[in-house]
Structures are given as C-alpha cells and as structure tokens.
DNA sequence: TCATAATATTTGAATATTATAATATTCAAA
DNA sequence: TTTGAATATTATAATATTCAAATATTATGA
C-alpha cells in the first residue's frame with residue numbers, strides 16, 4: 021500500500037463527500053437524478069435564492085458531480101455520473117432509518 | 021411527499037455525510053471496517069495526536085457511526101453498521117477514479 | 001491511598017463554510 | 001445597440017470546523 025497516494029485519495033474522497041454534505045445540495049442531486057433542471061426550475065423547487073443556488077451548483081460542478089449545458093439564456097444541469105444517486109440512496113439507508 | 025419530513029431527513033443525511041467527510045475520519049472508518057481498534061492503535065496507525073483522534077472518534081460516535089467498549093483502561097472502537105464500508109467503497113469508486 | 005496509563009474534555013486561535021446583497025455577465029429579441 | 005431575462009460572481013458578516021495544548025477522568029496495580 022502506497023501511503024502517500026492513499027492519503028491523497030482519502031483527501032479527495034473527503035472533499036467530494038463534503039461537497040455533497042449539504043441539505044440543499046443533496047436535494048439538488050436528488051432532483052437531478054430524475055432529469056435535468058434549469059436553474060430557475062431549481063429555484064422554484066427549492067425555494068432558495070438565485071445566488072445561493074447558483075453557488076451550490078458551481079461547487080457541485082467544480083467537483084465534477086454535475087455538468088451543465090446552456091440553451092439560450094437558460095442553463096440546464098444534470099448529474100455527471102448517474103451512480104451518484106446510489107450514494108444518496110445508501111446514505112439515506114444508513115442514516116435515515118429508525 | 022411530506023416536505024417537512026423530507027427536508028429533516030435531508031438535513032440528517034447531510035450532517036452524517038459531513039461527519040464522514042474528513043480524511044482522518046474516513047481512514048478510521050476504513051481501518052475499523054477490518055476489525056476493532058483501541059485508541060492507541062489508531063494513534064499509531066494514523067500518526068495524529070491523542071486529542072485529535074479522540075475528538076474524531078467522539079464525533080463519529082455521536083452520529084452512531086461507531087460504537088465502543090471499554091476494557092480496563094483501553095477503549096475499543098468498531099463500526100456500528102458494517103455497511104458503512106459500502107459508503108466508502110462507493111465514494112472511492114465515484115470520486116477516486118481517473 | 002497513590003502513581004500511572006489510557007482516554008476524554010475543554011479551550012482558543014486559525015481556517016473554512018454559509019447566506020445574502022450587490023454587481024456583473026451572457027444571450028436573444030426588439 | 002439597447003433592453004430584459006437568466007445566470008454567475010464578488011464581497012462580507014455570521015457561523016462552524018479543525019487542531020493542539022492543557023487539563024480532567026477513569027481504571028489498574030503497587
């Protein structure tokens with residue numbers, strides 16, 4: 021086992037987990053697991069400010085959790101890797117029972 | 021869908037994810053997925069201070085991610101739910117490739 | 001009881017994260 | 001080429017997290 025490498029991987033995993041570890045961002049990932057959403061659709065669903073949502077989307081995109089495409093003035097976001105939902109599902113199973 | 025309830029669950033899931041989202045804590049969970057460890061064993065493995073490790077263990081225990089048993093002066097920790105390892109494995113698959 | 005080993009807690013300074021308000025950018029239609 | 005709609009960025013105040021040093025607790029053996 022290469023300890024240097026392993027510890028880098030742990031740090032990366034931790035950073036990515038931390039990025040997901042926010043209620044609004046979990047909800048965004050949950051919604052995007054069904055279909056793509058525009059920013060304004062997310063605003064309506066989540067009832068949060070435009071600025072806040074845009075910043076959360078940006079964090080998720082930086083970590084390659086989401087990708088986006090622009091269509092005229094709108095920007096649509098979707099999951100980069102659909103398996104991301106597995107992580108949320110498992111998280112709920114582990115932490116949201118009882 | 022009960023939105024109040026759902027948002028509570030998201031917050032709980034986010035809190036638990038946040039608790040896991042630290043390199044040292046991920047490493048602790050990884051080690052404990054093999055067998056139980058005493059605090060001093062973890063100190064040796066992780067090369068962190070006693071205080072720091074004890075604090076991290078305490079956070080993980082608060083969220084019911086770990087349990088502990090005392091044997092004389094030593095305290096042994098183990099995973100509360102072995103499936104916790106699945107979460108780490110999946111996290112690595114999703115975030116630590118390429 | 002006293003000394004010591006193992007672990008836990010408290011404290012405080014450094015750093016990171018969050019939400020909001022204000023401003024900037026990007027694009028399309030007029 | 002200006003206007004307005006949609007989104008992004010910046011700045012910043014409030015809050016949370018982290019780490020290590022100091023101190024406290026708990027259990028054992030002399």
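Chains as they are written, first to last, in my numbering: chain A, 21 to 118; chain B, 21 to 118. All C-beta atoms, glycine included, are put in the ideal place defined by N, C-alpha and C.
Please compile the residues from chain A whose C-beta is within a distance smaller than 7 Å of the C-beta of residue i.
i                     : result
residue 106 (chain B) : 110
residue 38 (chain B)  : 38, 41
List, in order along the chain, the chain B residues whose C-beta lies closer than 9 Å to that of residue i?
i                     : result
residue 81 (chain A)  : What residue 81 (chain A) touches in chain B: nothing, since even the nearest Cβ is about 14 Å away.
residue 102 (chain A) : Going along chain B, no residue has its Cβ under 9 Å from residue 102 (chain A), so there is no contact; the nearest lies around 11 Å.
Per DSSP, residue i is paired with what?
i                    : result
residue 87 (chain A) : A:98
residue 58 (chain B) : B:96
Sort the options by Cα distance to residue i and report the nearest one.
i                    : options                   : result
residue 84 (chain A) : B:25, B:32, B:116         : B:116
residue 47 (chain B) : B:26, B:73, B:95          : B:73
residue 35 (chain B) : A:43, A:90, A:107         : A:43
residue 91 (chain A) : A:59, A:107, A:25         : A:59
residue 20 (chain B) : B:102, B:111, B:107, B:66 : In the structure as shown, chain B starts at 21 and stops at 118, and residue 20 (chain B) therefore has no counterpart that could be examined.
Near residue i, which residues of its chain fall below 8 Å by C-beta distance, leaving aside the five closest residues on each side in sequence?
i                    : result
residue 52 (chain A) : 86, 97, 98, 99
residue 94 (chain A) : 58, 59, 60
Kindly list the residues whose CB is nearer than 7 Å to the CB of residue i, restricted to its own chain and excluding five residues on each side of it in sequence; keep chain order.
i                    : result
residue 56 (chain B) : 96, 97, 98
residue 28 (chain A) : none
residue 68 (chain A) : 44
Could you name the residues of chain A that residue i contacts, counting a contact when the two beta carbons are closer than 8 Å?
i                    : result
residue 32 (chain B) : 115, 116
Name, please, each residue of chain B whose Cβ falls closer than 8 Å to the Cβ of residue i.
i                    : result
residue 29 (chain A) : 112, 116
In chain B, what lies closer than 7 Å to residue i by C-beta?
i                    : result
residue 46 (chain A) : 30, 33, 34
Considering only residues of the same chain and omitting the five flanking positions on each side of residue i, which have a CB-CB separation below 6 Å?
i                    : result
residue 88 (chain A) : 95, 97
Take every Cβ of the segment 29 to 44 of chain A, pair it with every Cβ of the segment 69 to 80 of chain A, and state whether three or more of those distances are shorter than 8 Å.
-> yes
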